[in-house]
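Numbering (full-length UniProt numbering), first residue to last: 1 to 678. Just so you know, even glycine gets a beta-carbon here, dropped at the ideal spot from N, CA and C.
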């Protein structure tokens, strides 16, 4: 059956690229985008041959189209050098297309790592992502430089438009054979837009923001960045940041680099143009790979973006591909360029189905890698330099694996209809298969279509069940409880001097408290997964506290008091020699603890002048007595057995001491943290 494609209401701009990334770009579009979306694409070929044929006008046109349609998705492109000019027989050494586009859009590039749990990090302390914002305008990238031939004076002159006097500064007096010179600039408007974009991103993520400069050397140039950032922060963002529990701070670039290495992550780092270019690659490699990095250019208007891969055109792989060899090129960053661009289109258009699709596309990439399906560059990180061919996929195999994972997930999507065929509004947790219209609720098909695609059945029965093993909250609770129970035979011997008995592993009570370990593991895992400000975490803490309070001696005290009652009963009955005159009464003055048993009996069962016998565990009666509560009369066939022998003691170990509860809580906490990190 044909897939009912998701309709995208407004166009997106596509910028095609060069070499190996152009190859995988085409495959991504054919296998992961077009089969699922009804999409109007404004296509621009930014491949180097076409840029040369149009005198680079196509690059400018693509940027202008981006401003018109607000969303662009760009493939990696070649920035030509002298060797490329000869290779492609170019008419001119064209400027970087990225630089041209960024200068027209005047935005900030935000790059963030794509984290896969099984890909090791070169900086293991980075447990949280770091989002780096690169000011994508001016500085070295729009500078004017020259080679100085021979001695002479270098001056910098500014001629005001409306003033008579110009400003002239002497830069350097060359006395030798010459040298090099450079003049660069930036604008207040661009710096202010950079500050706005950085603070908005930090606020949306609820992460602190750091700006890094070298204002100790460039007192006026970098000092202007500091002044504008502080001005924007004080005027528009301070109150919002403080309410969100985050902050803005300026740091020297060298101090910030040192801080970044020793931090755990979880912040936005605003960098000037060149600093951001360098440090973004440093962060990408530290988190694992340049192929695991998103890159989004955000414009000052707040609604226009350009998403791209954060790496180059992978020339070395392209040479192999040209010769017909097998390649294993990581396409994740290019896939995420599509997903981030389409996600922004979905937000602008208020298209929930498209947004859901983009989330599932990204999840399919990560799930494929975490299940062991990855390209060679990632396999080298996971398995080491001795990686074998069966441990990685080639270029097309990986995209096919992502497509398979995506099809399994995108088949089931949130229902977009308001009412069903009978005019009934469906439940919030009812889902509809977008292929065959099967209705699914809580993982079960509640209304099967006559044309069932079977994919929904497969997704529910296999993927959902397998997902239990990835539920860290459930796994942490189960593992901590299992560890607690399995250690009880050993702790009962070592700590309490009891005989070693494996049956203690399935009994209640003892050291540690598994009630406490499971409850604390649940609460801690929820906090780590959802955040410690989440309401669900708060409920879990209350639940865990009640469980630990209940386990801490409450039932032990009850068992101890009832055992005293049984011992009192034993003494009373054994002192009677004449079984016929046995009354087994309980005078209150003989045992002050008798007050505690009143709630256990109904009015008919409480001690009176009539006889009352406590029945033993084996239900045998050794005397003739009348029990008013049940009106049962038993005949005595033998002598009176000792109550001390017939009354079974209640288990006082059903409760826990404070130490046992604390040990259980500590166990649950450690297990949940270990599982979360793993």
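Extent of the continuous alpha helix (DSSP H) run through residue i
| i | result |
| --- | --- |
| residue 25 | 19 to 28 |
| residue 359 | 352 to 370 |
| residue 322 | 315 to 322 |
| residue 240 | 238 to 244 |
| residue 278 | 273 to 286 |
| residue 192 | 188 to 205 |
Three-state secondary structure assigned by DSSP to residue i
| i | result |
| --- | --- |
| residue 121 | coil |
| residue 256 | helix |
| residue 95 | coil |
| residue 507 | coil |
| residue 461 | At residue 461, the pLDDT of 46 sits below 50, so the modelled position is not reliable and the matter cannot be decided from this model. |
| residue 227 | helix |
| residue 533 | coil |
| residue 74 | strand |
| residue 173 | strand |
| residue 137 | coil |
| residue 63 | helix |
| residue 126 | coil |
| residue 51 | helix |
| residue 163 | coil |
| residue 327 | coil |
| residue 270 | strand |
| residue 289 | coil |
| residue 214 | coil |
| residue 87 | helix |
| residue 658 | helix |
| residue 4 | coil |
Proximity winner among the options, relative to residue i (alpha-carbon distances)
| i | options | result |
| --- | --- | --- |
| residue 504 | 515, 517, 490 | 490 |
| residue 98 | 205, 51, 479 | 51 |
| residue 154 | 133, 183, 511 | 183 |
| residue 181 | 301, 150, 209 | 150 |
| residue 497 | 510, 229, 259 | 510 |
| residue 245 | 278, 482, 381, 206 | 206 |
| residue 300 | 80, 212, 109, 177 | 109 |
| residue 327 | 358, 375, 294 | 375 |
| residue 140 | 115, 273, 93 | 273 |
| residue 8 | 356, 258, 116 | 356 |
| residue 298 | 213, 179, 194, 42 | 194 |
| residue 381 | 229, 288, 80, 372 | 288 |
| residue 696 | 281, 172, 535 | As displayed, the chain neither begins before 1 nor continues past 678, which places residue 696 out of reach and without an answer. |
Within 9 Å, strictly: CB atoms of residue i and residue j
| i | j | result |
| --- | --- | --- |
| residue 135 | residue 190 | yes |
| residue 37 | residue 354 | yes |
| residue 21 | residue 311 | yes |
| residue 348 | residue 106 | no |
| residue 167 | residue 157 | yes |
| residue 296 | residue 361 | no |
| residue 210 | residue 267 | yes |
| residue 337 | residue 308 | yes |
| residue 263 | residue 130 | yes |
| residue 332 | residue 479 | no |
| residue 254 | residue 224 | no |
| residue 384 | residue 12 | no |
| residue 517 | residue 484 | yes |
| residue 661 | residue 521 | no |
| residue 529 | residue 473 | yes |
| residue 329 | residue 344 | no |
| residue 286 | residue 519 | no |
Buried versus exposed, by CB contacts within 10 Å (16 or more), residue i
| i | result |
| --- | --- |
| residue 239 | exposed |
| residue 152 | exposed |
| residue 14 | buried |
| residue 39 | buried |
| residue 319 | exposed |
| residue 313 | buried |
| residue 659 | exposed |
| residue 412 | Confidence in residue 412 is poor, its pLDDT being 49 and thus under 50, which makes the residue's placement unreliable; the coordinate value appears in the next sentence. When all chains shown are included, residue 412 counts as buried. |
| residue 324 | exposed |
| residue 377 | buried |
| residue 306 | buried |
| residue 32 | buried |
| residue 201 | buried |
| residue 475 | buried |
| residue 48 | buried |
Run of the beta strand (DSSP E) containing residue i, from where it starts to where it stops
| i | result |
| --- | --- |
| residue 696 | The structure shown has nothing for residue 696, since the chain only spans 1 to 678. |
| residue 14 | 12 to 16 |
| residue 142 | Element bounds for residue 142: n/a, residue is neither H nor E. |
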